[in-house]
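Residue numbers (the numbering used here), protein chains in the order written: chain G, 1 to 388; chain Z, 1001 to 1302; chain W, 2001 to 2083. Take a look at the structure below.
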Amino acid sequence: MVVDRQPKVMTGTYFKNGNWGIVEGAIASGIAEFFAYPISPASEVVEYISIRLPAVGGKAAFIVEDEIASINMCIGASWAGSKVMTTTSGPGFSLKQEGIGLAFMSETPMVIVNVQRGGPATGLPTFSAQGDYMQVQFGTHGDYSAIALTPWTVQECFDLTIKAFNISEQLRTPVILLADGEVSRMMEEITIPEEKEIEVLHRKTPPKGTDKSNFNQFDARNEPDLVPPMAHYGDGYKIFGTGLTHKISGVPHLDEDLHIKLMGRLFKKIEINKHLYPEPEYHFVDDAEVVIVATGIVARSAMEAILEAREKGIKAGLMRLITVWPFPEEAVEKLAQKAKLIVAEMSMGQLIWPVERFARKKCKLVTRIGGTPPTPKKILEAIEEEAK
Amino acid sequence: MAAKDLEIDTSTLVKKPKKTLQHTHDNLLRKIAIPTIYCPGCGIGTTINAFLEAITKYTIVPHDNILVVSGIGCSGRASGYVNLDGFHALHGRAIPFASGVEIARPKMKPVIISGDGDLFSIGLGHLAHAARRNIDMTVICVNNAIYGLTGGQDAPTTPVGAKSRTTPYGKISFPFNLSHVAIANGATFCARYTVYEFIQLAKAIGRGMTHQGFSFIEVISNCHVNFGRRNNLGDSIAMRKMFKKVRVPMKEEDIGLDIRKTDIKYEVGKGFTRIPTGIFLNERDKPEEFSERIIDAYEFNK
Amino acid sequence: MEVHQHPEKKHYIVTDETRCKGCGLCIEFCPKNCLGFSDVLNEKGWRVSKMHRMKDCIKCYMCERMCPDFAIFVDESDVPKKK
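Pasting the structure below:
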């Protein structure tokens, strides 16, 4: 099969949709393999990366037998030294949960894109929704600490995909890009910078001269960021990985103290590297009396409402969360002390749980389900009500 | 005459050996994990032994390129006992993991040592697709006809009439013929041996690993604790003697297209009455294996 | 570790009582009935496999191949090489 070679970074300005941005971000980060199962509204990612990946000299993108196989193949390819990504939507994300737990436990860097759609079950395909916030953090069984980023523009689909790859490589943990159906299919302007302007990071590998016969794959004792260097298959390190509670060598050992120590490090690793995650974005909050907390497409609707409220003389502002998990606790707590908070989202109310918990007070909830975000008018009504 | 009736000869005992003697495969074992968790006399230990014998004697694959993956179950622990690159994957997901490694690094040779429940119950979908793609991997399926680790529930390989913890009056549904399933889905090398036939098994594993493409080796093993005990088949010695008695060596030519000839027969009360063993398929004009096909798939337009 | 050396063939049979679980497979499948159980228990409480009559051993490797626990093996390092 003859393929026209394409540049790795398509520098320039385009009028494209969010799924296109996700693919370009992944290619610019140096993705080597891609395994997924088609599911709308994420199928466009699979279609487009199948054209792009062979054309930049990578391996082909693969449609595999099911969602479970796709995440396990990603874990395998990541342990063999590749940057990998998989994309899915709500139902597929539920199927991947056990694999996400394994990726966390075995400290496997990878990116999982979840383009949210209406649920539960088959739900409302392929309408947009924001109902997977809680599933991302609490979906897999046992203790788990997630990292999830949410884009609100096509430009951010590109930027945050690169960011997600960098965080996952630096921390050796799965990172979830939590787009919604609306952002991923919406067309708007996107600017891709020069290749040298894009920061691409790679995982830590064992330093040269490491004793190969006595290497510990999970040894973070000398690492200030608690991230152990990762050896790959075929390099002679004889590494062993497991989803069981393991010693630093990877050999399973079922022991209470060891489990406490291991889970403590995995959680602390996510916690102490907070500076890597994007901070929330603030609009007009300095003098605001009412602040809307929203993400993704709903934040765009809220922005419109805030501009209208400002025209009417109501001091309203917007706090857009980019990193949803780990939840920006301090930022919400600080903001709640000086303003009233309204949570706007496209579910029956999920984001409001952590917001109310860290705001330490009741917050107003504006929601709309069924595939359409809450309208600016509805949000404006809520602002007016709160501002009284 | 049994050995215990004779007196013990201690004249040959070497009290202080001049050097430390160690097992032939000791440097391939992860010694901190030994002794194994297996019950005394378990066939999985023998299978691991045969695998180590195969990679030292009967195949030319360098040890650095071998990856041992296993799923969940008693045989799932196998990858942890072998001092090679390894991974202990999720239940049933050993094959997708190994496929990912093989696609990312074609020089690796994944060997999957896992059980019948893991590969043919929860993971059957993945096995079928790996065989269809002809991914370059060797699957060693330890078939003990029962779910051993969880305490003896009936597996998809439990024969009709056999008793287990969840079929106390006898199993009703029909079992899989694992080799049949693998060949039907496109495996290009297929063999079956019992744990009694150690050398043949080791040679078959070696041939399977040298073979380019999806190779499947079924090992009939004894779970005397959960299967043998409930069906009056005795301990590990009695079960292995039964394998010795009922095995029927078969060749590729004997079977031809009628793969039904390889069916295992079981009679209630008597145990296994017929276990055909041998190399059932060795496809010589085989299609290219998957990672080679990927490499050759695209060429750039100049 | 209990080491026995054949007086003429010079090979060793080593039984490792720390690994043995006393399943008896090597004892049963030894074609020359060389092996038997020990009188004393090992630290896990098993009656382990023990070489009873090394002189009968024919170096067939049956014990090593049958053993699931890597507890018995043949060592040929001191066997004089055939000319």
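All C-beta atoms in this analysis are idealised placements derived from N, C-alpha and C, irrespective of residue type, glycine included.
Against residue i, what residues of chain G qualify as contacts under a CB-to-CB distance less than 7 Å, listed in chain order?
| i | result |
| --- | --- |
| residue 1298 of chain Z | 1, 3 and 54 |
| residue 1061 of chain Z | Within 7 Å Cβ-Cβ: nothing; residue 1061 of chain Z doesn't reach chain G, min ~12 Å. |
| residue 1033 of chain Z | 251 |
Could one say the Cβ of residue i lies closer than 7 Å to chain W's Cβ atoms, at least one of them?
| i | result |
| --- | --- |
| residue 1013 of chain Z | yes |
DSSP on residue i, reduced to helix/strand/coil?
| i | result |
| --- | --- |
| residue 2078 of chain W | coil |
| residue 1130 of chain Z | helix |
| residue 105 of chain G | helix |
| residue 152 of chain G | coil |
| residue 389 of chain G | The first residue shown for chain G is 1 and the last is 388, placing residue 389 of chain G beyond what the model contains. |
| residue 2002 of chain W | strand |
| residue 246 of chain G | strand |
| residue 378 of chain G | helix |
| residue 1278 of chain Z | strand |
Are the beta-carbon atoms belonging to residue i and residue j less than 7 Å from one another?
| i | j | result |
| --- | --- | --- |
| residue 1307 of chain Z | residue 1049 of chain Z | Absent from the model: residue 1307 of chain Z. The displayed extent of chain Z is 1001 to 1302, so no value can be given. |
| residue 1117 of chain Z | residue 1080 of chain Z | no |
| residue 1205 of chain Z | residue 1051 of chain Z | yes |
| residue 1137 of chain Z | residue 1098 of chain Z | yes |
| residue 33 of chain G | residue 1104 of chain Z | yes |
| residue 170 of chain G | residue 124 of chain G | no |
| residue 130 of chain G | residue 346 of chain G | yes |
| residue 1096 of chain Z | residue 69 of chain G | yes |
| residue 320 of chain G | residue 281 of chain G | yes |
| residue 56 of chain G | residue 111 of chain G | no |
| residue 1195 of chain Z | residue 1024 of chain Z | no |
| residue 379 of chain G | residue 366 of chain G | yes |
| residue 109 of chain G | residue 145 of chain G | no |
| residue 52 of chain G | residue 23 of chain G | yes |
| residue 1152 of chain Z | residue 1163 of chain Z | no |
| residue 299 of chain G | residue 306 of chain G | no |
| residue 189 of chain G | residue 62 of chain G | no |
| residue 1301 of chain Z | residue 9 of chain G | no |
| residue 80 of chain G | residue 246 of chain G | no |
| residue 1012 of chain Z | residue 2054 of chain W | yes |
| residue 1146 of chain Z | residue 1223 of chain Z | yes |
So with CB distances below 9 Å, who are the chain Z contacts of residue i?
| i | result |
| --- | --- |
| residue 98 of chain G | 1090, 1091 and 1093 |
| residue 68 of chain G | 1090, 1092, 1093, 1096, 1125 and 1126 |
Does any residue of chain Z bring its CB to less than 7 Å from the CB of residue i?
| i | result |
| --- | --- |
| residue 47 of chain G | no |
| residue 27 of chain G | no |
| residue 2009 of chain W | no |
| residue 2053 of chain W | yes |
| residue 208 of chain G | no |
| residue 274 of chain G | no |
| residue 2079 of chain W | no |
For residue i, would you say it is in contact with chain G, using Cβ-to-Cβ distances shorter than 7 Å as the test?
| i | result |
| --- | --- |
| residue 1003 of chain Z | Below a pLDDT of 50, predicted positions are generally treated as unreliable, and residue 1003 of chain Z, at 46, falls in that range; the measurement from the model is reported next regardless. It does not: the Cβ of residue 1003 of chain Z has no partner Cβ on chain G nearer than 7 Å. |
| residue 1183 of chain Z | no |
| residue 1097 of chain Z | yes |
| residue 1029 of chain Z | no |
| residue 1180 of chain Z | no |
| residue 1136 of chain Z | no |
Quick one: give me the first and last residue of the beta strand (DSSP E) that residue i is part of.
| i | result |
| --- | --- |
| residue 294 of chain G | 290-294 |
| residue 1091 of chain Z | No beta strand (DSSP E) contains residue 1091 of chain Z, which DSSP labels as neither H nor E. |
| residue 37 of chain G | Unbroken run through residue 37 of chain G: none, as it is neither H nor E. |
| residue 180 of chain G | 174-180 |
| residue 1119 of chain Z | Unbroken run through residue 1119 of chain Z: none, as it is neither H nor E. |
| residue 45 of chain G | Here residue 45 of chain G belongs to no beta strand (DSSP E); instead the alpha helix (DSSP H) covers 43-55. |
Anything in chain Z within Cβ reach of residue i, meaning under 8 Å, just list it in chain order.
| i | result |
| --- | --- |
| residue 242 of chain G | 1080, 1087 and 1088 |
| residue 2025 of chain W | 1041, 1236, 1237 and 1240 |
| residue 2019 of chain W | 1034 and 1035 |
| residue 73 of chain G | 1096, 1097, 1099, 1100 and 1103 |
If you follow the alpha helix (DSSP H) that residue i is in, where does it begin and where does it stop?
| i | result |
| --- | --- |
| residue 133 of chain G | 133-138 |
| residue 333 of chain G | 329-338 |
| residue 74 of chain G | 67-79 |
| residue 1246 of chain Z | 1236-1246 |
| residue 2026 of chain W | 2025-2029 |
| residue 1183 of chain Z | 1178-1185 |
| residue 2060 of chain W | Note, residue 2060 of chain W: premise wrong, no alpha helix (DSSP H); not H, not E. |
Applying a beta-carbon distance threshold of less than 7 Å, which residues of chain Z neighbour residue i?
| i | result |
| --- | --- |
| residue 82 of chain G | 1104 |
Applying a beta-carbon distance threshold of less than 8 Å, which residues of chain W neighbour residue i?
| i | result |
| --- | --- |
| residue 1025 of chain Z | 2070 |
Could you work out which residues of chain G lie near residue i, taking near to mean beta carbons separated by less than 8 Å?
| i | result |
| --- | --- |
| residue 1101 of chain Z | 76, 77, 79, 80 and 233 |
How would you list, in chain order, the residues of chain W whose beta-carbon sits under 7 Å from the beta-carbon of residue i?
| i | result |
| --- | --- |
| residue 1009 of chain Z | 2052, 2053, 2054 and 2055 |
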